[in-house]
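Q:
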Amino acid sequence: MQINRRFFLHKGALALAGTTVIPQFLIRKVMAETVTSPNKRLVVIFQRGAADGLNIVVPHQERNYYAMRPTIAIPQNQVIDLDGFFGLHPSMSAFKPLYDQGHLAIVHAAGSPDMTRSHFDAQDYMESGTPGVKGTDDGWLNRALQAEDLHRRCAGTCEHTAFRALALSADVPLTLAGKVPAIALSNVNSFTVAGPKPSPAAAAFQAMYGESGDQILHATGDETFDAVKMLRAANPAQYKPSAEYPNTAFGNNMKQIAQLLKANLGVEAAFTDINGWDTHQNQGGINGQLAARLSDFSSSIAAFWRDMGDQAENVTVVTMSEFGRTARENGTAGTDHGHANAMFVLGADVKGGKVHGKWPGLEPEQLNQGRDLALTTDYRQVLSEVVTHTLGASNLNVVFPNAQLQPNNFLKLVV
Amino acid sequence: MHSLYRLTSALLSLSLCCAALPEYALAAAPSGDRTTLQATDKAPLTPDQRILQALNRFTFSPRPGDLEAVRAMGLDHWFQQQLHPNRIDNSALEVRLAEFPAMRLSTQELVARLPDGPIVRQIANGKAAIPPGDSIEHQIYANQVERVQFRREEQKQKQQEAAAQTAATSMMAAPSAEQPQITPTFIQSTLAQPPGQRLQTLASMPQPQFDAFLKALRGRQREDLLDGMSPEMKETVGALESPQKVVVDELLSTRLTRDIYSEAQLQEVMTDFWLNHFNIYLRKDEEMPYDLVSYERDTIRPNALGKFEDLLEAVAHSPAMLLYLDNWTSIGPDSDSAEKAALRAMRRGNLHPDPQSINENYGRELMELHTVGVNAGYTQDDVIQASRILTGWTIDKPQDGGSFQFDDNRHEPGPEKVMGKKFKAGGEKQGEQFLHFLATRPATARFLSRELAIRFVSDNPPQSLIDRMTKSYLKSGGDISKVLETLYRSPEFWSPQSYRAKIKTPLEYVVSAARASNADITNMQPLIYTLDRMGMPLYGCIPPTGYKWEADDWVSTGALVDRMNFALALAGNHLNGITTAWTAQPETPTEATPTTEEARLEAQLVAGGVSETTRSAVLEQFTAQTRQPYQPERNTMGERMRTGGKSVIAIPTVFRPQPNHLPPPRPIEKQDQLLAGLLLGSPEFQRR
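Just so you know, the sequences run in chain order A and B.
Using our numbering, read the first sequence as starting at 3 and increasing by one per residue.
Using our numbering, read the second sequence as starting at 90 and increasing by one per residue.
#1: What residues in the stretch 657-675 of chain B bring their beta carbon closer than 8 Å to a beta carbon of chain A?
#2: What's the C-alpha gap between residue 293 (chain A) and residue 58 (chain A)?
#3: Roughly how many whole angstroms lie between the Cα atoms of residue 254 (chain A) and residue 132 (chain A)?
#4: In the DSSP assignment, find the beta strand (DSSP E) that holds residue 620 (chain B) and state where it starts and stops.
#5: Rounding to the nearest angstrom, what Cα-Cα distance links residue 54 (chain A) and residue 75 (chain A) in this structure?
#6: So that I know if they touch, is there some Cβ in chain B lying closer than 8 Å to that of residue 67 (chain A)?
#7: Check whether the Cβ of residue 401 (chain A) lies closer than 8 Å to any Cβ atom in chain B.
#8: Pop quiz: residue 225 (chain A) and residue 164 (chain A) are said to be a contact at Cβ under 8 Å. What is the actual Cβ separation, rounded to whole angstroms?
#9: Residue 398 (chain B) and residue 364 (chain B): beta carbons closer than 8 Å?
#10: What residues in the stretch 627-643 of chain B have a beta carbon less than 8 Å from any beta carbon of chain A?
#11: Would DSSP call residue 508 (chain B) helix, strand or coil?
#12: Return the residues of the stretch 364-380 of chain B that lie within a Cβ-Cβ distance of less than 7 Å from chain A, sorted by chain order.
#13: Give me the chain B residues within the contact set of residue 241 (chain A), using Cβ-Cβ distance strictly less than 7 Å, ordered along the chain.
#14: Closest to residue 604 (chain B) by C-alpha separation, out of B:181, B:172, B:540, B:350, would be which residue?
#15: Whose C-beta lies closer than 7 Å to the C-beta of residue 303 (chain B) among residues of the same chain, with five residues either side of it excluded?
#16: According to the neighbour-count rule (16 or more other Cβ atoms, all chains shown, within 10 Å of its Cβ), is residue 193 (chain B) buried or exposed?
#17: So who's on the other strand from residue 339 (chain A), going by DSSP bridges?
#18: In chain order, what residues of the same chain lie with their CB nearer than 8 Å to the CB of residue 183 (chain A), ignoring the 5 residues before and after it?
#19: Would you mind working out which of B:600, B:326, B:493 sits nearest residue 361 (chain B), comparing C-alpha positions?
#20: Alpha carbon to alpha carbon, what distance is there between residue 405 (chain A) and residue 160 (chain A)?
#21: Cα separation between residue 210 (chain A) and residue 707 (chain B)?
#22: With a floor of 4 residues, list each alpha helix (DSSP H) that falls wholly inside the stretch 45-103 of chain A, ordered by position along the chain.
#23: List the residues of chain B whose Cβ lies closer than 7 Å to the Cβ of residue 172 (chain A), in chain order.
#24: Indicate whether at least one CB of chain A lies closer than 8 Å to the CB of residue 241 (chain B).
#25: Consult DSSP for residue 196 (chain B) and reduce its assignment to one of helix, strand or coil.
#26: How about residue 333 (chain B) and residue 205 (chain B): do their beta carbons lie closer than 8 Å?
#27: For residue 392 (chain B), count neighbouring C-beta atoms within 10 Å of its own C-beta (all shown protein chains included) and say buried if the count is 16 or more, exposed if not.
#28: Excluding five sequence neighbours on each side, which residues of the same chain lie with their C-beta closer than 7 Å to the C-beta of residue 321 (chain A)?
#29: For residue 181 (chain A), which option in A:409, A:149, A:62 has the closest C-alpha, if you only look at C-alpha atoms?
#30: Taking 7 Å as the limit between beta carbons, can you name the residues of its chain near residue 78 (chain A), skipping five residues before and five after?
#31: I'd like the list of long-range same chain contacts for residue 110 (chain A), defined as Cβ closer than 6 Å, with 5 residues on each side in sequence excluded.
#32: In three-state DSSP terms, what is residue 370 (chain A)?
#33: With a cut-off of 8 Å, does the C-beta of residue 586 (chain B) fall near any C-beta of chain A?
#34: Contact defined as beta carbons within less than 8 Å: I believe residue 696 (chain B) pairs with residue 145 (chain B). What is the distance between those atoms, to the nearest angstrom?
#35: Please tell me whether residue 23 (chain A) has its Cβ less than 8 Å away from any Cβ of chain B.
#36: Kindly indicate which three-state DSSP category residue 761 (chain B) falls into: helix, strand or coil?
In structure tokens, the structure reads:
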């Protein structure tokens, strides 16, 4: 019967995992069994603050790009050329090998079709997956996990671990919020209650949250103690990364995602974010603010890829930012809130080594509202293809309601 | 809402699991019990519950004795007093604040006493001299300049080494900086000096020796270093190490000191509210910590309970906001300044000079986040015109702690139109009229009323309440106190559904735990770092939106783990520099049992009590504890730093809290610590 088995997996085995009387091999077996998804994992990265896509994937053959950005443009001889037309910002050299190996794809002029220039609204729209619709209180990635269960015809009965949906952040971001329980943690090593070993204090907290009549705290409390026990059994302290990450908040988050993926905890979707893209002032050209951010961004992701080693073949990474920035630089050597942007998709099955999407051009009449890169690819189109491939979330109407996304319109990013 | 989903999934999993659940768990399932008073309980609040409701919302939660004090004074009288903070005796707080002398200085004085990075680099570059002052003041600058030069030298050496390696030339032994020898005798003799002489000795050391001296201190020597010194002297020692870090340390420490100890609690609650509404990020640039001192003290706090328009005006004129949202650099495209720049460029033969134009950042957030809200119906063109109106609002000498300046040369001439309203040309006046226009919009009244209702009542406040507050705002000319009074007089505020309806944010949680436990706090660092780890560092929100007030953002697995660990660490005296005492003095009567101790501590810590479920979970494990001794990790919280990334917080090592030297707790004290820790980490204590 499904119910008892589910309970054993969700509650029983994990409860046992925390004690010492269970032989290690049994714990490993239980762990192996709880990982039920087809081993494809999705890592989602949000660049908060609106990254300047035009200085990240530079259209170095566009005359007007240089005319509009007299002080911050990346000179032609400085870009890392990709295809004779586009080039990466010089501080992103870590991405070049991934591109050359065909693992890294770029979609340019992509983003949310909504015209808002508010960080707040645009992040909400992008994370909820319903541009223009306010008040959606769950995220596209959570719904993608629901769609996965629908696809496997086991909605409500599928076996999943507490780590299925994971955010490396202090709170659960809107992207991951919703019916599917998601956990948030900011530091793997301190994710333990009252010390690394089981203790009376931890047991007391578990009892008071587990049996609390406080509905919000009860539910989160249950998820918390499940996750704490699983993590303890997996013993993250023994982990040694096999790549060197930048010692930054983002680098640390990527390292911990790799650590948790490799620990076979049943992670299917992981989320993290990187701040500091709102470069209104002195954003810099080949050096400076944006350059430093891009170096952190690209080397952390590249380190993650190396660290995953053989297991990288089951991982897909996708990045996004709420909107792009103005095509023209502003009066303070920075850029203001714009529209379309560049997205990165990284994976073994990704059709990389290519800049996908239709390029709208940068001549004055080609700009959105005369000021920003126009949008030619709805970001949901990109994500649809990715979630279909990784999670098997085939019912796209669940993931992106009313978006009318059709598989035959896919950019064929994934092979 | 997410919580609804959570509820359904929780119920679902409960119903699925029943078959295997032990009986006691079923009995304790969400039937709602007597003391928790969530939405299931419709009984009107008792007089004491009304006092607790007011204390939970208008203060950073009750301290032991607050309930009785308000009962004696009368709730209405207490609230009126809170609305008029100048009528409240706050002398005990003033004593604590005297520990932070730099926080009384003007921005200019502050920058002069504790020089910031740009000033130090100017001196290091030979473009400025160390300003005149006594020998100690001189040494604060000299140490910083030397450190900059040392780092540059180091950098250069590294590059040369790298170049030498690639050129495969013979490696020379890198000339390393001489490590000054600090002997134990020298340390002992220095520490034995009287405070004034000790400070002189420290200030007479050249920078490398000073740094080596600090490094060589061990254990209690770190405490002895500052022993007997006045606050000013301690501050000077910190400045000899790093003036910038002293500013950050005092800024964050005073804010928590006020939140925990101020008697004018509503003023601090509202200061926190407005600091979040008009959010500013500490690390926007190097001057920001300096500007934030005045921002909190002169811009926000004095206006926190006054007219919103005054507050908005003060914020618009504050160097901190002009810096944070870039308006200080915004230049009108047709302004004198832009035209002159174009002419100059053309004379130099540059036919395509740098564009001189506006920066929209402040103009946009002023409307979206500070006043009318994003749904008020304005367009991108309105944002541009608003930004033009505000051109010329800039800062005079920002690096020297300069103040607001209206620069007509940068101001875009001519009339502008925003949201259908015309603003005549008129320099700074045009901007002031625009701010007046925004402050008096019904959209602003609604936007602020809703935010206040979410902070003070519930995550989904009733529309009837928001409407009443909106009306009050418009009728009173945007008087914040009047809006709060309306809230106080509204039945929605006192409804059983509102009682304990709010989940504490990390700041509210940490401050309330410190208040409830009557902790003796000699150092705020552990609390500051706890907030950082919980995702809510003070002045650490990067985007202008500020933190959210709703539970969704703060209830998560990681957050609960952090809260439980913090509760245990606080109660067990494992936070350096913070001590709590749980056992009644003198000697607890021998008849004290876990049950009576729990009852006593529950009454002290959890206003309104805990549920039977929580109580029995505490007591059950408490008796189990006698079988298996409780051995908490030592100092799990106090010393742990956020790993990696640029933390908001940086403090001089001389101000790091030292371990608490306490005698080992007696068995009863140990039990009480665990009891208190469990109560502070309980579900009930997460609510207010």
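Backbone N, C-alpha and C define an ideal beta-carbon position, used for all residues, glycine too.
A: From the atom records:
#1: 657
#2: 9 Å
#3: 30 Å
#4: Looking at the DSSP string, residue 620 (chain B) is not in any beta strand (DSSP E); the run it does join, the alpha helix (DSSP H), is 614-622.
#5: 11 Å
#6: no
#7: no
#8: 6 Å
#9: no
#10: 631, 632, 633, 634, 640, 641, 642, 643
#11: coil
#12: none
#13: Under the 7 Å cutoff, chain B gives no residues; its nearest Cβ is about 14 Å from residue 241 (chain A).
#14: B:350
#15: 330, 742, 743
#16: exposed
#17: A:327
#18: 164, 166, 167, 221, 225
#19: B:600
#20: 27 Å
#21: 8 Å
#22: 55-58, 65-70, 97-102
#23: 623, 624, 647, 648
#24: no
#25: helix
#26: yes
#27: buried
#28: 47, 49, 345, 346
#29: A:149
#30: 62
#31: 59, 344, 357, 359
#32: strand
#33: no
#34: 7 Å
#35: Note that residue 23 (chain A) scores a pLDDT of 38, beneath 50, so its modelled location is shaky; the value from the coordinates is reported in the next line. So no, residue 23 (chain A) is outside the interface.
#36: helix
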